Amino acid sequence: MTYHLPVLAGHCNVHPHLASCRLLMEEPNMGMDSEIRTFEKATNLLHLTTSGLAPSTMVVHPYEHLTAFKDTRGVITVKNIERILISISMAMDMEMLEMQHFRMMVVDAVTVPTLERLFVEPGFVSWTDFTDTDLEPDTLFLVLSLLLRSQCQSTLREIGFRNVRLTAHIIDVLQLCPALDKIQFTFQYWQKFLDADFGALLRELRWTNADRSLACAPTLMLVMLRIGYSRIPTILSFF
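For the sequence shown, the positions run 378 to 616 when this note's numbering is used.
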């Protein structure tokens, strides 16, 4: 759906059976309302995607029913971040969550016991000035805390990290995800300091159980490493 906010107002609460909605604002400055109440009573709405909303705009919705939520926008106010985080923290059946420009506070705000896919990208990393310090060192620890809190071991099947600083916690993450079958790493480009981090992960993947499954992640089938914007990633398959 691509509407200006005044048009949306005329559809308020007239779609009670709506299960999925994509709200794409091509001209966010055309509607500066702080709230969109069109879906305020849409309790059957499980998948909500918003893109291009104004910095202070929030979709009012019973977020506790959501299983998938995606919000991408160029700029967002601190107050709006807090409102959205409070709302999505009530969604106990969340399976997919993607939020842009929300920093790592999102990880601390949610508990996702039925999470199936997790993609983490802390922030923009410059092509021309890429150093170890650009990669937030606490990201993997926060992800580990999320997994421990959520207890989503039986549902989480795919993890993707983009520009995430690898630490020893990556092994802990794998061991907490026995149902994981795919993990992907993406970096702008390779730097020498990444050798030790990724090498430690590969050494951990040497160990197998009696049935030849991986000791740290028994169902893992695919490890993908992508450097920059190469169309052909490096793939390690386990079968």
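We treat Cβ as the ideally placed atom computed from N, Cα and C, and that holds for glycine.
If you're wondering where the values come from, they're calculated on a predicted model, not measured in any experiment.
{"Asked": "DSSP three-state label for threonine 596, please.", "Found": "coil"}
{"Asked": "If you follow the beta strand (DSSP E) that histidine 424 is part of, which residue opens it and which one closes it?", "Found": "424-428"}
{"Asked": "Label serine 464 either buried or exposed according to how many other C-beta atoms from any shown protein chain fall within 10 Å of its C-beta, with 16 as the threshold for buried.", "Found": "buried"}
{"Asked": "So, is valine 541 buried or exposed, given that buried needs 16 or more other C-beta atoms within 10 angstroms?", "Found": "buried"}
{"Asked": "What's the C-alpha gap between alanine 594 and proline 555?", "Found": "5 Å"}
{"Asked": "Smallest Cα separation from lysine 456: which of Met469, Thr434, Glu472?", "Found": "Thr434"}
{"Asked": "Given this structure, state the Cα-to-Cα distance separating threonine 426 from aspartate 470, to the nearest angstrom.", "Found": "16 Å"}
{"Asked": "Determine the burial state of threonine 585: buried for a count of at least 16 other Cβ atoms within 10 Å of its Cβ, exposed for fewer.", "Found": "exposed"}
{"Asked": "Going by other Cβ atoms of all chains shown within 10 Å of its Cβ, with 16 needed for buried, is valine 497 buried or exposed?", "Found": "buried"}
{"Asked": "Looking at the unbroken beta strand (DSSP E) that takes in valine 497, where does it start and where does it end?", "Found": "494-497"}
{"Asked": "Where does serine 411 sit, in a helix, a strand or coil, going by DSSP?", "Found": "coil"}
{"Asked": "Sorted by chain position, which residues of the same chain lie with C-beta nearer than 6 Å to valine 484's C-beta, five sequence neighbours on each side aside?", "Found": "Leu519, Leu523"}
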